[in-house]
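Visitor: There's a structure below that I have some questions on.
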Amino acid sequence: MNIAIIGLGEVGRCYAHALAGGSDVTLLLCEQRISESAAQLASGLKLSIHESVGPWLNDADWVLSCVVGTKSLHVAQHCFGHMKQEAAFADFTTAAPDEKRQAAVQATDKGIAYADVAIMGAIALLGARTPLLCSGDAADAFSSLLSDASGAAPDVLPNSHAGDAMSLKILRSVFTKGMEALAVEVLMAAERQGLRPALYDVLQDIDKASLPQFLEMLVTTHVIHARRRMHEVDEAERQLASIGILSDVLDGVQHRFARTAEKLDVLPLPTEKPTLQDALNWLSSEAVIEAA
1 MNIAIIGLGE VGRCYAHALA GGSDVTLLLC EQRISESAAQ LASGLKLSIH ESVGPWLNDA
61 DWVLSCVVGT KSLHVAQHCF GHMKQEAAFA DFTTAAPDEK RQAAVQATDK GIAYADVAIM
121 GAIALLGART PLLCSGDAAD AFSSLLSDAS GAAPDVLPNS HAGDAMSLKI LRSVFTKGME
181 ALAVEVLMAA ERQGLRPALY DVLQDIDKAS LPQFLEMLVT THVIHARRRM HEVDEAERQL
241 ASIGILSDVL DGVQHRFART AEKLDVLPLP TEKPTLQDAL NWLSSEAVIE AA
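Quick note on full-length UniProt numbering: the sequence shown kicks off at 1 and runs consecutively.
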């Protein structure tokens, strides 16, 4: 099994080390600008480094692209031009989902299988044990490859397309970064008032529901109570300002609630007790109304 790794930054070096232990694996390395760490890796594995993609890539059964996201599609296209049919390509980059979808279409045209690989943690902390999420027609094969070689099997999205894994990574980032910003403001405010331990106590009820249940409850009640809650946000913002904290998060919250409240004046809910699907359908129709 010949496996080419394109890009020997932190991700590429990590999986080169992980895959090098496979008894039937031969690594092919490629890096345009060879760093000291890349040179040390190659020396330790007794391998040379190709400085550009070329005909040598025809020997590869798998190509792992570990370049920066801005170069993802360009590098993929160059690789496809040299890869053999029935080889497979795993894209570890942080390219946008649409770019990964474009690459997958081009790979299919060349007879090459494609896996969209999203890194769902910190390589620096967990190395090859970092959770990975895979989608696309080569997702199952890639999961098996990595499991056999390193013992760490990536999760696979069933019945998925290239770009789906990266889309989920981005959605996860929206949630976690939003929670991070909220946590900063809430804990700052609680600490300033000497109420941080008590805050944890009054938030305990949230722990009683699963995260999906909690999120779905927020959305289904949001479309009913947005106007009242908008006024509560105003009051919360004033309270934070009174202790010297100007909230960035609540400005966005206020805007979201105001948009929903304004829409309720134009398009009432179809039912008094909306389900989650009712709420999402109603909220998703917003773009149509704004365009009109």
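Where is the CB? At the ideal position from N, CA and C, for every residue including glycine.
Computed from a prediction, not measured in an experiment: that's the story for all the values here.
1) Are the CB atoms of F92 and V63 within a distance shorter than 8 Å?
2) Are the CB atoms of I49 and C30 within a distance shorter than 8 Å?
3) In the DSSP assignment, the beta strand (DSSP E) including S65 goes from what residue to what residue?
4) Whose CA, out of G163, A38, V156 and M120, lies closest to the CA of L73?
5) May I ask you to report which of helix, strand or coil DSSP gives A118?
6) Mind checking if I123 is an interface residue toward chain B, Cβ cutoff 8 Å exclusive?
7) Which residue comes first and which comes last in the beta strand (DSSP E) that contains A88?
8) Taking D234 as the reference, give the member of H222, V223, S247 and I224 with the closest Cα.
9) Can you tell me the Cα-Cα spacing of A292 and V223, whole angstroms?
10) I'd like to know whether the C-beta atoms of A226 and T260 end up nearer to each other than 8 Å.
11) Inspect the beta-carbon positions of A87 and D61 and report whether they are closer than 8 Å.
12) May I have the straight-line CA-CA distance separating W56 from M120, to the nearest angstrom?
13) Quick check: the Cα distance between D136 and D116, rounded to an integer number of angstroms?
14) Starting from the C-beta of L264, find all residues in its chain whose C-beta is less than 6 Å away, skip the five residues before and the five after it, and write them out in chain order.
15) Determine the burial state of M83: buried for a count of at least 16 other Cβ atoms within 10 Å of its Cβ, exposed for fewer.
16) So, using beta-carbon positions, are A141 and A113 closer together than 8 Å?
17) Near M230, which residues of its chain fall below 7 Å by C-beta distance, leaving aside the five closest residues on each side in sequence?
18) Less than 8 Å between the C-beta atoms of A165 and L171, yes or no?
19) Are the Cβ atoms of I243 and Q204 separated by less than 8 Å?
20) Counting only runs of 3+ residues fully inside the stretch 20–48, write out the beta strand (DSSP E) ranges in chain order.
21) Cutting at 6 Å between CB atoms, please list the residues of its own chain near R101, excluding the five before and the five after it.
22) Report the residue ranges of all alpha helix (DSSP H) runs contained in full by the stretch 148–207; include only those spanning at least 4 residues, in chain order.
23) Is the Cβ-Cβ distance between L133 and D155 less than 8 Å?
24) Verify whether the separation of the beta carbon atoms of S65 and G7 is less than 8 Å.
25) Across which residues does DSSP place N2 in a beta bridge pair?
Guide: The relevant details are as follows:
1) Counted from its first residue, the sequence shown places residue 63 at position 63. Counted from its first residue, the sequence shown places residue 92 at position 92. Cβ distance not < 8 Å, so V63 and F92 don't count as in contact.
2) Within the sequence shown, numbered from 1, the residue matching residue 30 stands at position 30. Within the sequence shown, numbered from 1, the residue matching residue 49 stands at position 49. In contact: C30 and I49 (Cβ atoms closer than 8 Å).
3) Translated into positions along the sequence shown, residue 65 becomes position 65. Residues W62 to S65.
4) Taking the first residue of the sequence shown as 1, we reach residue 73 at position 73. Taking only the C-alpha atoms, the option nearest L73 is G163.
5) Position 118 of the sequence shown holds residue 118. Here A118 sits in strand by DSSP.
6) The chain inventory of the structure shown lacks chain B, comprising one protein chain alone.
7) Reading the sequence shown from its first residue, position 88 is the one you call residue 88. Here the beta strand (DSSP E) through A88 covers A88 to D91.
8) Taking the sequence shown and counting its residues from 1, one reaches residue 234 at position 234. When only C-alpha atoms are compared, the closest one is S247.
9) On the sequence shown, position 292 is the one that residue 292 refers to. On the sequence shown, position 223 is the one that residue 223 refers to. Residue placement at A292 is poorly supported in this model, since its pLDDT is 38, which falls under 50; the coordinates still yield a value, given next. Looking at the two C-alpha atoms, the distance is approximately 21 Å.
10) The residue labelled residue 226 in the question sits at position 226 within the sequence shown. The residue labelled residue 260 in the question sits at position 260 within the sequence shown. Result yes, Cβ atoms of A226 and T260 sit closer than 8 Å.
11) Against the sequence shown, residue 87 aligns to sequence position 87. Against the sequence shown, residue 61 aligns to sequence position 61. Yes; because the gap between Cβ atoms is below 8 Å, this pair is in contact.
12) By 1-based counting over the sequence shown, the position of residue 56 is 56. By 1-based counting over the sequence shown, the position of residue 120 is 120. When rounded, the distance between both Cα atoms is 31 Å.
13) Along the sequence shown, read from residue 1 onward, the residue named residue 136 stands at position 136. Along the sequence shown, read from residue 1 onward, the residue named residue 116 stands at position 116. With the sequence shown as reference, residue 136 is identified as Gly, and Asp is not the correct amino acid for it. So the alpha carbons of these two residues sit roughly 6 Å apart.
14) By 1-based counting over the sequence shown, the position of residue 264 is 264. Answer for L264: no residue qualifies.
15) Indexing the sequence shown from 1 puts residue 83 at position 83. Taking a 10 Å sphere around the C-beta of M83, we find 16 or more other C-beta atoms and assign the residue as buried.
16) Residue 141 sits at position 141 when you count from the first residue of the sequence shown. Residue 113 sits at position 113 when you count from the first residue of the sequence shown. Closer than 8 Å, so yes.
17) The residue labelled residue 230 in the question sits at position 230 within the sequence shown. Result list for M230: Q254, F257, A258 and A261, in chain order.
18) The count along the sequence shown starts at 1 and reaches residue 165 at position 165. The count along the sequence shown starts at 1 and reaches residue 171 at position 171. No.
19) Here residue 243 refers to the residue found at position 243 of the sequence shown. Here residue 204 refers to the residue found at position 204 of the sequence shown. In this structure, Q204 does not lie closer than 8 Å to I243 by Cβ.
20) 26–30
21) Taking the first residue of the sequence shown as position 1, residue 101 is located at position 101. Only A162 and G163 meet the Cβ criterion.
22) 164–192 and 196–202
23) Taking the first residue of the sequence shown as position 1, residue 133 is located at position 133. Taking the first residue of the sequence shown as position 1, residue 155 is located at position 155. Result yes, Cβ atoms of L133 and D155 sit closer than 8 Å.
24) Residue mapping note: residue 65 aligns to position 65 of the sequence shown, counting from 1. Residue mapping note: residue 7 aligns to position 7 of the sequence shown, counting from 1. Against a cut-off of 8 Å, the Cβ pair of G7 and S65 comes out as a contact.
25) In the sequence shown, counting from the first residue as 1, residue 2 sits at position 2. Answer is T26.
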